[in-house]
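Colleague:
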Amino acid sequence: MIYFKLIGSFVFTKDITDLKEVIYKFLNENTKKILTKNGEIGCSINDFKIEKNILTIKFESNQLIRAHEVLIRLKKELSNFTGKKFKIGIRDVLIKYFDIKMESKKSLNIKNLPYVKNIEYGDKCIVILFDTESENKITYSEIEKRIPDRIITLLKNKMNDYGGKNEHWELLWESEDKKFKFKEDPTKVMEKEGWIKRGYNRGQWIYGPQATHLFRTFEKITLKELLEPLGFSEMIFPKLVPWEVWMRSGHAQGVYPEIYYVCPPKTRDPEYWEDVKNIYNITKEIPIDLIENKIDSPIGGMCYAQCPSFWGFLQGETVSIDQLPLKVYDHSGTSHRYESGGIHGIERVDEFHRLELVWLGTRKETLEMAEEIKEKYKNIFENILELKWRTAWVTPWFMAQEGKKGLSDMEGAGTVDYEAITPYNNKWIEFQNLSVNADKYTKGFNVKSQNNKKLWSGCSGIGLERWTAAFISQHGINIENWPDKFKKYFGKLPLGIKTL
Ligand SMILES: Nc1ncnc2c1ncn2[C@@H]1O[C@H](COS(=O)(=O)NC(=O)[C@@H](N)CO)[C@@H](O)[C@H]1O
Ligand SMILES: [Zn+2]
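All residue numbers for the sequence shown refer to this note's numbering, where the first residue is 477 and numbers rise by one.
(1) Just to check, is the beta-carbon of Val721 closer than 8 Å to a non-hydrogen atom of ligand 2?
(2) Measuring only the C-alpha atoms, how far is Phe786 from Phe486?
(3) Could you check if Ile948 is buried or exposed, using at least 16 other CB atoms within 10 Å of its CB as the buried criterion?
(4) To the nearest angstrom, how far is it from the Cα of Lys881 to the Cα of Gln908?
(5) Are the beta-carbon atoms belonging to Leu570 and Thr507 less than 9 Å from one another?
(6) If we ignore side chains and look at the alpha-carbon of each, how far apart do Ile767 and Lys760 end up?
(7) Which runs of the alpha helix (DSSP H) fall wholly inside the region 707–770 and span at least 4 residues, in chain order?
(8) Does the Cβ of Pro899 have 16 or more other Cβ atoms within 10 Å, making it buried, or fewer, making it exposed?
(9) In terms of residues, what are the limits of the alpha helix (DSSP H) holding Trp943?
(10) Label Lys641 either buried or exposed according to how many other C-beta atoms from any shown protein chain fall within 10 Å of its C-beta, with 16 as the threshold for buried.
(11) To the nearest angstrom, how far is it from the Cα of Ser808 to the Cα of Phe713?
(12) Look up Gly559 in the DSSP assignment and say whether it is helix, strand or coil.
(13) The alpha helix (DSSP H) with Leu802 in it runs from where to where?
(14) Could you tell me whether any non-hydrogen atom of ligand 2 is closer than 8 Å to the CB of Ala889?
(15) Hey, is Ala781 close to ligand 1, as in C-beta under 8 Å from one of its heavy atoms?
(16) Would you call the region 746–756 in contact with the region 803–818, where contact means no fewer than 3 C-beta pairs closer than 8 Å?
(17) Does the region 774–784 touch the region 714–732, meaning 3 or more C-beta pairs lie closer than 8 Å?
(18) Quick one: what's Thr891 bridged to in DSSP?
(19) How many angstroms separate the CA atom of Leu940 from the CA atom of Phe694?
(20) Does the region 952–972 come within contact of the region 672–683, defined as at least 3 CB pairs closer than 8 Å?
(21) If you drop the 5 nearest sequence neighbours on each side, which residues of the same chain put their C-beta closer than 6 Å to that of Lys587?
(22) I need the straight-line Cα distance from Asn757 to Glu747, nearest angstrom please.
(23) Excluding the 5 residues flanking Ser816 on each side, which residues of the same chain have their C-beta closer than 7 Å to its C-beta?
(24) On the criterion of 16 or more Cβ atoms from any shown chain inside 10 Å, does Asp661 qualify as buried, or is it exposed?
(25) With 16 as the cutoff for other CB atoms within 10 Å, does Met1000 come out buried or exposed?
(26) Using CA atoms only, rank isn't needed, just tell me which of Leu540, Glu701, Val892 and Glu862 is closest to Glu646.
(27) Measuring CB to CB, does Ser520 end up less than 9 Å from Glu545?
(28) To the nearest angstrom, how far is the alpha carbon of Ala846 from that of Gly888?
(29) Leu836 bridges to which residues according to DSSP?
(30) Apply the 10 Å Cβ neighbour rule to Asp494 and answer buried if 16 or more other Cβ atoms are within range, or exposed otherwise.
(31) Between the alpha carbons of Asn585 and Lys577, how many angstroms are there, rounded?
(32) Measure the C-alpha to C-alpha separation of Leu589 and Gly934 and round it to an integer number of angstroms.
(33) Once DSSP output is grouped into helix, strand and coil, what is the label at Ala436?
(34) Can you give the Cα-Cα distance for Asp607 and Tyr591, rounded to whole angstroms?
(35) Apart from the five residues on each side of it in sequence, which residues of its chain come closer than 7 Å, Cβ to Cβ, to Glu516?
(36) Less than 9 Å between the C-beta atoms of Ile938 and Arg830, yes or no?
Below, the structure is given as C-alpha cells:
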C-alpha cells in the first residue's frame, strides 16, 4: 500500500474571498469524478482555506489515485470553473506539504533523493518527506514532470531488487564430466611461459604473440562455425560511449560504480596546457591536481556492454522487413569495467576483449535466431574446444517470472549464461552469455519495422579472456594435449618474445 498526504495552495489571479461559498460548494459537489476511480473513493480533499487570492486544500489518498494527480486535475477543473464564471484564473500552485508512505518489508538505505527532505523507516513503512522550503524544494513543475512517480518506481524497484547476488539461477544443461590432467592456474602458467604480461593499469594485460594467436583462433572458430553460416555481418561499434547511449540502453540507471569515465580537455589550445608541460618537464611528475581543473566533465565512459553503441546506426529509423532478422557482430576494440578490488587473473580484468553479436527482428525471429546461435555454440564447445561447460538461465528474477511463466509477452526474453569449470580452483566462470532483450533496445533507440511489428533484439558477448581461462585451465598450455579440431584451427604456435 502507498499513502499520500499533500497540502497545496492554488494562487488565483485575483482576490477570491467573496467567492468562498461558491468555490467551497464546487469543491464539495463537483469533484466526485476526480476523487474516485472505478466507483471507489481514492482521494479526499479537506481543510479548505481561502486567504485573499490563495485557496489551500489538504489532499489525502492511497495508491488508487495519487494525491498529486488529483492536484493537477483539480487545478484544471477549478480554473475552468472560475475562469468561465468570474474570469479569474490560477497563476500557480504551491506545494506546502507532501509526504508519501510506502509499505515495505525492509528499510532501503537510500540517502539523498532529489526534492526529498528525508526518508524514514518505521512500522514497516518507508516515509518520504518532500522538501517544500529550500531551493531544492519540489514545485508544481516537478509534479507535472512526474518526479514523485519516478521516486515511487525507484523505491519499488529497490524493494524488489535483490541485486546481482539473488539473481535467478537455474541450470539448463551440463556437458559430460571430464577428467582433467591439468590443474594449474591458467594465468600463472601463461605468465610463466611469457604468453602474457601485466599491463600498467589494474586488471590490464599485454598479450604476447602466443596468447594473441589463441584469441584470434577463438574468433576464427566463431567466424567459421557460427557467424558465416548464420549470415552475420561485421560492423564496428564505437568504443567511447556518451551518456545518451546509456540513457537509452538503460545502463544509466546503475552503471556508475563500474565504468571508466572519459573527460575531454576544457580546450585544446596549447597555451592553456603550457604550465602542465613545464611542470612535468621540470619535476618529471604529472601535476594531476592541475590537470583535474583543466579537463571538462565526463561526457560518458569507455565501452562497457559493447552492444549499446551499435543502436545509433538505426536510431529513429524504420528497418525494411526483407532485412530482418538483422545479424551483426563487432570485435573492434576493448571493453572496460572498473571491477572489484584485488588482483585477479585474466578471468576478471578491467580491460577485456569481447566479440559481441547483435541480432534483431520480430519476437519470433529473435527467439529462433537465439536457438540457432545456441546450437552453433554447442557444437563449438562440445566438438572443437571440448570443454566441460554448462548453461544457466540467469534472468533477473522479475524478468524470469515474466519470461518463464509467460505472464506477459516477455515469454522467452532473458539471459543464458555459459559457464565452464576451471579445475585449478574448481570454480565455474561465466565465459559468455546470450540474452534475448525483448524490445528493451529497439524501444530505447526508437527503431521501427516497416510493417510496424514490434521489434525484439538479442545479443551475445564472447569474452576472449574468459574463453582462454576456460580452455587453458582445462587443457593446459601444451599444444599436444589440445583437441584435434582445435589444433587444426590453431595451426603453428607463433614464436614468443623471450627476455633474458
Ligand atoms: N571484467 C571482465 N573480465 C573479462 N571478461 C568480462 C568481464 N566482464 C564481462 N566479461 C565478458 O563479457 C561477457 C558479457 O558481459 S555481460 O556483462 O555479461 N553482458 C553484456 O555486456 C552483453 N552486452 C553481452 O556482451 C561475459 O560473459 C564475459 O565473457
Ligand atoms: Zn550486448
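The beta-carbon is built from N, C-alpha and C at its ideal position, and this holds for glycine as well.
Modeller: In short, the structure shows the following:
(1) The answer is no for Val721.
(2) Using only the alpha carbons, I get a separation of about 48 Å.
(3) buried
(4) For Lys881, the pLDDT reaches just 44, beneath the cut-off of 50, and the residue's location in the model is therefore unreliable, leaving the point undetermined.
(5) No, Cβ-Cβ distance for Leu570 and Thr507 is not below 9 Å.
(6) 15 Å
(7) 719–725, 750–759 and 764–768
(8) Within a 10 Å sphere around the beta-carbon of Pro899 sit 16 or more other beta-carbons, which makes this residue buried.
(9) Leu940 to His951
(10) Summary for Lys641: the model assigns pLDDT 47, below 50, so the residue's position carries little reliability, and this model does not support an answer.
(11) 7 Å
(12) helix
(13) Leu802 -> not in any alpha helix (DSSP H); beta strand (DSSP E) instead, spanning Leu802 to Asp806.
(14) Checking every heavy atom of ligand 2 against the Cβ of Ala889, none is found closer than 8 Å.
(15) yes
(16) no
(17) yes
(18) Ser911
(19) 7 Å
(20) no
(21) none
(22) 15 Å
(23) none
(24) Counting Cβ neighbours within 10 Å, Asp661 comes out buried, since at least 16 surround it.
(25) As shown, the chain starts at 477 and ends at 976. That puts residue 1000 outside it, with no answer to give.
(26) Val892
(27) With respect to Glu545, Ser520 sits apart: the two C-beta atoms are not nearer than 9 Å.
(28) 10 Å
(29) Leu802 and Ser933
(30) Here Asp494 is exposed. Its C-beta has fewer than 16 other C-beta atoms within 10 Å.
(31) Using only the alpha carbons, I get a separation of about 16 Å.
(32) 34 Å
(33) Lying outside 477 to 976, the shown extent of the chain, residue 436 is not represented and no answer is given.
(34) If you take the alpha carbons of Asp607 and Tyr591, they lie about 6 Å apart.
(35) Leu540
(36) yes
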